Amino acid sequence: MNILAVESSCDETAVAIVRDGRQVLCDCIASQVALHREYGGVVPEIASRKHIEAIYALADQALRETGLSRKDIDAVAVTYAPGLIGAVLVGVNFAKAAALALGKPLIPVHHIRGHIAANYLAFPDLEPPFLCLVVSGGHTMIVEVTDYTSMRILGTTLDDAAGESFDKVARVLGMPYPGGAALDKAAALGDETKYVLPRSRPGENPYNMSFSGLKTAALNLIHHAGQVGEALDVPSLCAGFCAAVSDTLIPRVRMAIEETGCKKVAIAGGVAANSRIRRDILSMARELGATVYMPPLNLCGDNAAMIGAQGYYEYLAGNTAGMELNAYATKSILGEVL
Ligand code: KG4
Ligand code: ZN
Numbered sequence: 019m020n021i022l023a024v025e026s027s028c029d030e031t032a033v034a035i036v037r038d039g040r041q042v043l044c045d046c047i048a049s050q051v052a053l054h055r056e057y058g059g060v061v062p063e064i065a066s067r068k069h070i071e072a073i074y075a076l077a078d079q080a081l082r083e084t085g086l087s088r089k090d091i092d093a094v095a096v097t098y099a100p101g102l103i104g105a106v107l108v109g110v111n112f113a114k115a116a117a118l119a120l121g122k123p124l125i126p127v128h129h130i131r132g133h134i135a136a137n138y139l140a141f142p143d144l145e146p147p148f149l150c151l152v153v154s155g156g157h158t159m160i161v162e163v164t165d166y167t168s169m170r171i172l173g174t175t176l177d178d179a180a181g182e183s184f185d186k187v188a189r190v191l192g193m194p195y196p197g198g199a200a201l202d203k204a205a206a207l208g209d210e211t212k213y214v215l216p217r218s219r220p221g222e223n224p225y226n227m228s229f230s231g232l233k234t235a236a237l238n239l240i241h242h243a244g245q246v247g248e249a250l251d252v253p254s255l256c257a258g259f260c261a262a263v264s265d266t267l268i269p270r271v272r273m274a275i276e277e278t279g280c281k282k283v284a285i286a287g288g289v290a291a292n293s294r295i296r297r298d299i300l301s302m303a304r305e306l307g308a309t310v311y312m313p314p315l316n317l318c319g320d321n322a323a324m325i326g327a328q329g330y331y332e333y334l335a336g337n338t339a340g341m342e343l344n345a346y347a348t349k350s351i352l353g354e355v356l
């Protein structure tokens with residue numbers, strides 16, 4: 019089954035064609051990052067306009083690259099939540115028009131379920147059940163993927179997402195948007211023990227996390243150094259920050275493995291590209307005799323192939339939509355409108 023998949027929830031317009039949920043025939047992306055960089059973050063109105071400009075040509079490019087014709091497409095999958103509402107609407111309307119014109123099913127896909135499904139593309143043998151650490155620009159959670167379309171959230175951030183705090187700290191350090199990757203790179207040359215930042219434990223659920231205190235502590239440190247004219251050791255601050263994020267995430271993943279007895283753990287989302295997190299999850303899993311699934315960096319960030327992968331399993335579960343499909347800025351991974 020060839021699925022034409024569409025992703026437009028943030029600042030990447032993407033169209034892919036994925037066969038049977040596992041094989042990427044093409045994965046076309048038009049990134050807007052350079053445009054938004056000028057403003058230090060995503061400008062929603064610009065994002066929506068650029069999606070409209072790019073999406074038709076990308077779909078044509080996808081067909082050209084694969085040599086497929088329109089009649090070879092069996093269904094259209096699209097990110098319908100969550101994201102910048104104007105941006106998501108562009109993809110949803112394009113996908114509706116394509117499904118209607120082709121006379122093929124329309125499959126709504128939750129963006130974060132898509133991130134998790136990037137693992138099915140990278141690891142053809144991976145099947146649920148498994149645990150997944152989801153760390154993206156807007157979401158941070160530990161999920162038990164019990165089946166392709168059913169999951170249980172063990173814990174989540176109660177405030178900022180890990181990616182959001184990476185980007186904010188990087189921005190204040192003068193790194194270009196989105197700063198997570200630059201901060202990660204700078205950290206490689208630092209001494210993580212020089213600046214010790216807080217690891218919070220919010221609320222009653224031990225799986226829940228918080229990153230706003232960590233973000234504020236890092237920002238205060240930077241501003242204070244500026245005010246008193248003290249030279250800041252930027253690589254060491256970056257190393258200390260990565261260590262604090264990883265020390266917040268990894269012990270909770272360990273607890274999830276120990277408590278559920280599930281020995282397969284995947285990671286997903288843009289922040290899953292972080293070298294400190296990748297290193298720490300590997301060594302923790304090795305200690306517990308668990309297997310770690312880490313998608314390559316191009317499948318960690320936003321892309322449409324992951325939407326095609328999850329779309330296939332949503333289709334098998336009967337989760338298709340009609341022309342009344344709407345876009346949502348927020349929606350739980352379990353399907354509830356927030
Ligand atoms: O999953 P994603 O592409 O988009 C969302 O769905 O939000 O994640 C983007 C986030 C940004 O915050 C970006 O700075 C972060 O992923 N990121 C990283 C790294 N590469 C990307 N954060 C830390 N270390 C990295 N190497
Ligand atoms: Zn994403």
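Using this note's numbering, the first residue of the sequence shown is number 19, and each one after it goes up by one. In this text, a Cβ means the ideal position worked out from N, Cα and C, and glycines have one as well. Because the structure is a prediction, the values reported are computed rather than measured.
For ligand 2, any of its heavy atoms closer than 8 Å to the Cβ of residue i?
i	result
histidine 69	no
cysteine 28	yes
aspartate 178	no
glycine 155	yes
Excluding sequence positions up to five away, which residues of its chain have a Cβ less than 8 Å from the Cβ of residue i?
i	result
asparagine 344	Tyr98 and Val110
glycine 58	Arg189 and Tyr195
histidine 242	Glu248
Classify residue i: buried if its beta carbon has 16 or more other beta carbons within 10 angstroms, exposed otherwise.
i	result
aspartate 165	exposed
lysine 114	buried
asparagine 316	exposed
proline 146	buried
methionine 341	exposed
threonine 158	buried
proline 142	exposed
glutamine 245	exposed
alanine 262	buried
tyrosine 74	exposed
Quick check: does the Cβ of residue i come within less than 8 Å of any heavy atom belonging to ligand 1?
i	result
asparagine 292	yes
cysteine 150	no
phenylalanine 184	yes
Could you say which of the options lies nearest to residue i if we only look at CA atoms?
i	options	result
proline 126	Gln328, Thr348 and Asp38	Gln328
threonine 175	Leu232, Gly197, Arg131 and Asn321	Leu232
glutamate 277	Leu306, Gly197 and Arg296	Leu306
lysine 281	Thr348, Leu144, Cys318 and Asn238	Leu144
cysteine 46	Ala80, His54, Tyr74 and Leu22	Ala80
cysteine 150	Ala335, Tyr331, Ala290 and Ser350	Ala290
valine 3	Arg296, Asp90, Gly173 and Thr348	In the structure as shown, the chain starts at 19 and stops at 356, and residue 3 therefore has no counterpart that could be examined.
isoleucine 70	Ala105, Asp78 and Thr84	Ala105
To which residues of the same chain is residue i closer than 6 Å at the C-beta, ignoring the five residues directly before and after it?
i	result
alanine 117	Val94 and Leu124
alanine 32	Glu25, Ile47, Asn321 and Ala322
alanine 308	Ile275, Lys281 and Val283
Taking the Cβ atom as the reference point for each residue, do residue i and residue j lie within a distance shorter than 9 Å?
i	j	result
isoleucine 325	methionine 302	no
asparagine 292	cysteine 260	yes
asparagine 137	alanine 34	no
valine 187	isoleucine 171	no
proline 220	alanine 235	no
leucine 139	proline 313	yes
glutamate 182	glycine 208	no
glycine 132	cysteine 28	no
glycine 287	cysteine 318	yes
Whose C-beta lies closer than 7 Å to the C-beta of residue i among residues of the same chain, with five residues either side of it excluded?
i	result
alanine 200	Ala188, Met193 and Pro194
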